[in-house]
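Asker: Throughout the sequence shown, residue numbering follows the numbering used here, covering 1 to 105 in sequence. Think of the CB as a built atom: it goes at the ideal place given N, C-alpha and C, for glycine as much as any other residue.
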Amino acid sequence: MAMTKIKKGDTVKIITGKDKGSEGKVLRVEDGKVLVQGCNMVKKHQKATQANPKGGIENREALIDISNVMLVHNGKPTRVGFKTVADKDKTKKVRFAKSTGDVID
Numbered sequence: 001m002a003m004t005k006i007k008k009g010d011t012v013k014i015i016t017g018k019d020k021g022s023e024g025k026v027l028r029v030e031d032g033k034v035l036v037q038g039c040n041m042v043k044k045h046q047k048a049t050q051a052n053p054k055g056g057i058e059n060r061e062a063l064i065d066i067s068n069v070m071l072v073h074n075g076k077p078t079r080v081g082f083k084t085v086a087d088k089d090k091t092k093k094v095r096f097a098k099s100t101g102d103v104i105d
């Protein structure tokens, strides 16, 4: 599995599209796309089932391409890079904010 620059639980800002400028928490990351809480809302038509006998139309989040979001660090959107950090007797690959140089995780 390749290491991604955006992870579940990160706060991101949408930089393009209909929700440009809005921020939210990442709920899921899959195949170069992210699901952001409260952003890119679409209407989904639900067929009637035993659990939902009426069916109907529900609003839910849709996936956004990962290139259309930026990680928010210290209240500002920033690009993300990787670097190796020596920790005791082993090295570790970590994410860092390119604007400040701070290690994110």
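What residues in its chain sit with their C-beta under 6 Å from that of K92, if we drop five residues either side in the sequence?
Answerer: For the purposes of this step, residue 92 is identified with residue 92 of the sequence shown, where counting begins at 1. Once the five neighbours on either side are set aside, the close Cβ partners of K92 are V85.
Asker: For the beta strand (DSSP E) containing N59, name the first residue and the last one.
Answerer: Here residue 59 corresponds to residue number 59 of the sequence shown, with the count starting at 1. G56 to E61 is the extent of the beta strand (DSSP E) around N59.
Asker: Leaving out the 5 sequence neighbours to the left and right, which residues in its chain are closer than 8 Å to K20 when beta-carbon positions are compared?
Answerer: Locating residue 20 in the sequence shown gives position 20, where the first residue counts as 1. So the list reads I14, once near-sequence residues are dropped.
Asker: Can you pull the DSSP bridge partners for Q46?
Answerer: For this step, residue 46 is matched to residue 46 along the sequence shown. BP columns for Q46 point to G56.
Asker: Please confirm whether V36 and E61 have their CB atoms less than 8 Å apart.
Answerer: By 1-based counting over the sequence shown, the position of residue 36 is 36. By 1-based counting over the sequence shown, the position of residue 61 is 61. In contact: V36 and E61 (Cβ atoms closer than 8 Å).
Asker: Which residue wins for smallest C-alpha separation from L71, given the options G55, H45 and K25?
Answerer: The residue you call residue 71 lines up with position 71 of the sequence shown. Of G55, H45 and K25, the residue nearest in Cα terms is K25.
Asker: If you reduce the DSSP assignment to three classes, tell me which class I15 lands in.
Answerer: If you number the sequence shown from 1, residue 15 lands on position 15. Note: I15 maps to coil in three-state DSSP.
Asker: Count the other CB atoms within 10 Å of the CB of H45; is the residue buried (16 or more) or exposed (fewer)?
Answerer: To locate residue 45, count along the sequence shown from 1; it is residue 45. Label assigned to H45: exposed.
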